[in-house]
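Residue numbers (our numbering): 4 to 106.
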């Protein structure tokens with residue numbers, strides 16, 4: 004049913020809204036008004052690398068589960084996970100190549 008209330012979707016929307024609502028002001032306060040030192044840059048780099056690895060592992064596991072265990076590759080969830088996995092993996096490789104030439 005299209006119009007029915009779905010508690011899972013409501014909870015997911017609430018969690019995403021809370022994450023965005025808490026994360027964006029934190030980033031704004033941290034990045035505005037002062038020059039970050041090398042230690043802060045390294046902390047940001049480590050946190051970003053951890054988050055990227057998490058996205059790659061979870062989306063890769065979801066793609067593998069959908070393709071090989073569930074056998075259902077025609078859903079929108081599979082397409083989204085595949086795009087997220089390919090974007091994270093290929094984007095990371097392209098950035099490594101770019102920064103290896105620039106720096």
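The beta carbon of each residue, even a glycine, is placed where N, CA and C say it ideally should be.
Item: Classify residue 88: buried if its beta carbon has 16 or more other beta carbons within 10 angstroms, exposed otherwise.; Value: buried
Item: From residue 54 to residue 99, what does the alpha carbon distance come to, in whole angstroms?; Value: 16 Å
Item: If I follow the unbroken alpha helix (DSSP H) through residue 67, where does it start and stop?; Value: 41-67
Item: So residue 75 and residue 81 are supposed to be a Cβ contact under 8 Å. How far apart are they, rounded?; Value: 7 Å
Item: When the distance is taken between beta carbons, is residue 91 closer than 8 Å to residue 58?; Value: yes
Item: Could you tell me which of 8, 94, 10 sits nearest to residue 56, measuring between CA atoms?; Value: 94
Item: Whole-angstrom Cβ separation of residue 85 and residue 66, contact assumed at under 8 Å?; Value: 5 Å
Item: Just how far apart, CA to CA, sit residue 44 and residue 52?; Value: 12 Å
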